[in-house]
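Colleague: For the sequence shown, numbering that gives the first Met the number 0 assigns the number 0 to the initial residue and increments by one for each residue that follows.
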Amino acid sequence: MKVLMFGWEFPPVYSGGLGTACYGLTKGLSKNSCKVTFVMPTGPIVHHDHVDVIVADKVSLENVKFTKVPSLLLPYLTSGGYDQRYRKLLQKQNASEGHGSLYGKDMMAEVWRFSEIARLIAATEDHDVIHAHDWMTYEAGIKAKKESGKPLVCHIHATEFDRSGFGGVNQYVYDIERKGLHAADKVIAVSNYTKGIVAKHYGVPEHKIEVVHNAVEFTDFPDLKDKQEDEKMVLFLGRITLQKGPDYFIEAAKKVLEHDPKVKFVVAGSGDMMGRMIERSAELGIANKVLFSGFLKGDDIDRAYKMADLYVLPSVSEPFGITPLEAMRNGTPCLISKTSGVSEVVTHCLKVDFWDVDEMANKILGVLHYGLLHKSLQENGSSEVKKFNWEIPARKCMDVYRQVMSESKIAG
0 MKVLMFGWEF
10 PPVYSGGLGT
20 ACYGLTKGLS
30 KNSCKVTFVM
40 PTGPIVHHDH
50 VDVIVADKVS
60 LENVKFTKVP
70 SLLLPYLTSG
80 GYDQRYRKLL
90 QKQNASEGHG
100 SLYGKDMMAE
110 VWRFSEIARL
120 IAATEDHDVI
130 HAHDWMTYEA
140 GIKAKKESGK
150 PLVCHIHATE
160 FDRSGFGGVN
170 QYVYDIERKG
180 LHAADKVIAV
190 SNYTKGIVAK
200 HYGVPEHKIE
210 VVHNAVEFTD
220 FPDLKDKQED
230 EKMVLFLGRI
240 TLQKGPDYFI
250 EAAKKVLEHD
260 PKVKFVVAGS
270 GDMMGRMIER
280 SAELGIANKV
290 LFSGFLKGDD
300 IDRAYKMADL
310 YVLPSVSEPF
320 GITPLEAMRN
330 GTPCLISKTS
340 GVSEVVTHCL
350 KVDFWDVDEM
360 ANKILGVLHY
370 GLLHKSLQEN
380 GSSEVKKFNW
390 EIPARKCMDV
400 YRQVMSESKI
410 AG
């Protein structure tokens with residue numbers, strides 16, 4: 000089976016769960032003898048606050064071929080962020096003749112340009128099915144389908160409602176999402192939680208949506224050295240944005256410290272709320288107890304999990320959430336938001352309403368102070384996470400591929 004796949008990030012350079020998911024899924028597909036051509040945006044290196052390069056170079060997987068398309072698209076990039084990135088590119092190139100015309104001057108033009116190149120690739124690249132990840136690649140998937148006549152599967156890892164925290168959605172992004180989801184022959188959602196949002200807010204029939212939960216990679220992890228046994232550390236790791244609930248984490252930290260002033264809190268990541276969270280920590284008088292480490296990558300991520308006595312995912316709306324699985328594979332107990340896809344499939348962790356900072360604080364203190372609870376979550380979580388292998392979602396995706404291919408032949 001040959002898959003033409005469109006995505007916008009891939010290790011070793013990635014800024015969120017989408018890159019992690021794409022890597023794991025393509026690896027799982029490869030192990031199931033599925034040949035994948037992964038088409039991704041790439042561009043000149045421009046400094047970004049949480050990632051220093053955007054080119055996924057020198058990554059080799061058996062049966063996976065990569066085609067890199069010049070582009071400025073980045074995951075989680077707002078239209079304003081795109082404009083800033085475009086201006087930096089022109090400054091770096093001294094506005095050299097012809098260079099600026101390679102890139103769209105706004106996000107709408109960029110999505111359109113990427114889709115036009117995708118159409119050309121679809122005309123020449125042999126494939127049986129098209130798989131598009133998230134909204135920036137949906138137009139590419141639609142045009143590829145129109146060009147080759149092959150069935151389209153749209154994979155939704157996060158909706159505009161998730162990213163906005165169910166606040167003011169970007170109408171342009173929503174319209175692209177809706178168009179792609181309706182044009183697809185099948186939609187893959189990363190959780191039943193996301194399936195419900197897609198059905199309710201995008202009008203996609205439930206029978207058209209297949210749920211394929213994410214998984215986690217298992218590799219060799221760095222050894223932990225110099226952990227202070229008498230120090231308790233609670234970790235937040237993710238984008239510091241409204242969706243991820245960092246403000247609730249900080250408020251809960253204040254309440255925990257009122258009962259146990261020895262606890263340390265680490266906020267690992269970057270995002271548009273980082274400055275506000277630093278200021279809020281100072282206002283609450285806990286700035287000396289909250290460390291903002293910035294964006295972590297590579298082995299530093301697993302070191303952070305291993306150092307933590309508890310990992311907290313306080314997301315307002317989390318389509319899935321791979322980070323708790325990453326924490327569990329490192330033997331770290333987890334406290335996760337009930338409004339998360341991962342809460343559907345994980346048993347050996349604590350769960351809380353993201354807005355209930357009193358209960359969040361109580362459960363944090365419970366894990367830190369009661370050794371038997373900590374040990375139970377640690378041991379059972381480490382055992383449970385072993386079942387989340389990427390070959391399982393890969394096989395489920397292949398079942399979806401076979402279904403749309405069969406229906407396409409019947410329709411043809």
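For each residue, glycine too, the CB sits at the ideal point set by N, CA and C.
Can you tell me whether residue 176 is helix, strand or coil according to DSSP?
Modeller: As a position in the sequence shown, residue 176 is number 177, starting the count at 1. Residue 176 falls in the helix class under three-state DSSP.
Colleague: Is there contact here, the stretch 231-243 with the stretch 198-213, by at least three beta-carbon pairs under 8 Å?
Modeller: Counting Cβ pairs under 8 Å, fewer than three are found: no touch.
Colleague: Might you give, ordered along the chain, the residues of its own chain that have their beta carbon closer than 6 Å to the beta carbon of residue 407, omitting 5 neighbours on each side?
Modeller: Position 408 of the sequence shown, counted from the start, is the residue given in the question as residue 407. Once the five neighbours on either side are set aside, the close Cβ partners of residue 407 are 150.
Colleague: Taking only three categories from DSSP, how would you classify residue 216?
Modeller: For the purposes of this step, residue 216 is taken as the residue at position 217 of the sequence shown. Three-state DSSP puts residue 216 in coil, outside helix and strand.
Colleague: Counting along the chain, where does the alpha helix (DSSP H) carrying residue 256 start and finish?
Modeller: Here residue 256 corresponds to residue number 257 of the sequence shown, with the count starting at 1. Here the alpha helix (DSSP H) through residue 256 covers 245-258.
Colleague: To the nearest angstrom, how far is it from the Cα of residue 173 to the Cα of residue 366?
Modeller: The residue you call residue 173 lines up with position 174 of the sequence shown. The residue you call residue 366 lines up with position 367 of the sequence shown. So the alpha carbons of these two residues sit roughly 40 Å apart.
Colleague: Can you tell me whether residue 82 is helix, strand or coil according to DSSP?
Modeller: Against the sequence shown, residue 82 aligns to sequence position 83. Interpretation of residue 82 is limited by its pLDDT of 49, a score under 50 that renders its predicted location unreliable; the figure taken from the coordinates is listed afterwards. Three-state DSSP puts residue 82 in a helix.
Colleague: Is it right to say residue 154 is buried, meaning 16 or more other beta carbons lie within 10 angstroms of its own, or is it exposed?
Modeller: Position 155 of the sequence shown, counted from the first residue, corresponds to residue 154. Its Cβ being crowded by 16 or more others within 10 Å, residue 154 is buried.
Colleague: According to DSSP, what are the bridge partners of residue 413?
Modeller: With the chain represented from 0 up to 411, any question about residue 413 goes unanswered, as that position is not in the structure.
Colleague: Counting pairs of Cβ atoms below 8 Å between the stretch 305-320 and the stretch 274-281, do you hit three or more?
Modeller: Too few Cβ pairs lie closer than 8 Å, so no.
Colleague: Mapping the DSSP letters down to three states, classify residue 151 as helix, strand or coil.
Modeller: By 1-based counting over the sequence shown, the position of residue 151 is 152. The answer is strand: DSSP assigns residue 151 an E or B state.
Colleague: Hey, how far is the Cα of residue 403 from the Cα of residue 394?
Modeller: Numbered from 1 along the sequence shown, position 404 holds the residue referred to as residue 403. Numbered from 1 along the sequence shown, position 395 holds the residue referred to as residue 394. Distance between the alpha carbons of residue 403 and residue 394: 14 Å.
Colleague: Is the CB-CB distance between residue 349 and residue 334 below 8 Å?
Modeller: As a working note, residue 349 is residue 350 in the sequence shown. As a working note, residue 334 is residue 335 in the sequence shown. Closer than 8 Å, so yes.
Colleague: Taking 8 Å as the threshold (C-beta atoms), are residue 326 and residue 265 in contact?
Modeller: Reading the sequence shown from its first residue, position 266 is the one you call residue 265. Reading the sequence shown from its first residue, position 327 is the one you call residue 326. For residue 265 and residue 326, no; Cβs fall outside 8 Å.
Colleague: Can you tell me whether residue 346 is helix, strand or coil according to DSSP?
Modeller: If you number the sequence shown from 1, residue 346 lands on position 347. Coil.
Colleague: Are any of the Cβ atoms in chain D nearer than 8 Å to that of residue 140?
Modeller: Here there is only one protein chain, and chain D is not present.
Colleague: Alpha carbon to alpha carbon, how far is residue 17 from residue 108?
Modeller: Here residue 17 corresponds to residue number 18 of the sequence shown, with the count starting at 1. Here residue 108 corresponds to residue number 109 of the sequence shown, with the count starting at 1. Those two C-alpha atoms are separated by around 23 Å.
Colleague: Compare the C-alpha of residue 256 against each of 297, 368 and 115 and name the closest.
Modeller: Along the sequence shown, read from residue 1 onward, the residue named residue 256 stands at position 257. Taking only the C-alpha atoms, the option nearest residue 256 is 368.
Colleague: What span of residues does the beta strand (DSSP E) with residue 266 cover, start to end?
Modeller: One-based indexing of the sequence shown puts residue 266 at position 267. Looking at the DSSP string, the run of the beta strand (DSSP E) that includes residue 266 is 263-267.
Colleague: Sort out for me which residues DSSP pairs residue 131 with in a bridge.
Modeller: Start at 1 with the first residue of the sequence shown, and residue 131 comes out as number 132. In the DSSP output, where bridge partners are listed per residue, residue 131 has 5 and 153.
Colleague: Taking residue 138 as the reference, which of 161, 114, 152 and 380 has the closest Cα?
Modeller: As a working mapping, residue 138 is identified with position 139 in the sequence shown. Out of 161, 114, 152 and 380, 114 has the C-alpha closest to the C-alpha of residue 138.
Colleague: For residue 130, count the other beta carbons within 10 Å of its own beta carbon; 16 or more makes it buried, fewer makes it exposed. Which is it?
Modeller: Along the sequence shown, one-based indexing puts residue 130 at 131. By the neighbour-count rule (16 or more Cβ atoms within 10 Å), residue 130 is buried.
Colleague: State the DSSP-derived secondary structure class of residue 401, mapped to helix, strand or coil.
Modeller: Walking along the sequence shown from the start, residue 401 turns up at place 402. Residue 401: helix per DSSP, three-state reduction.
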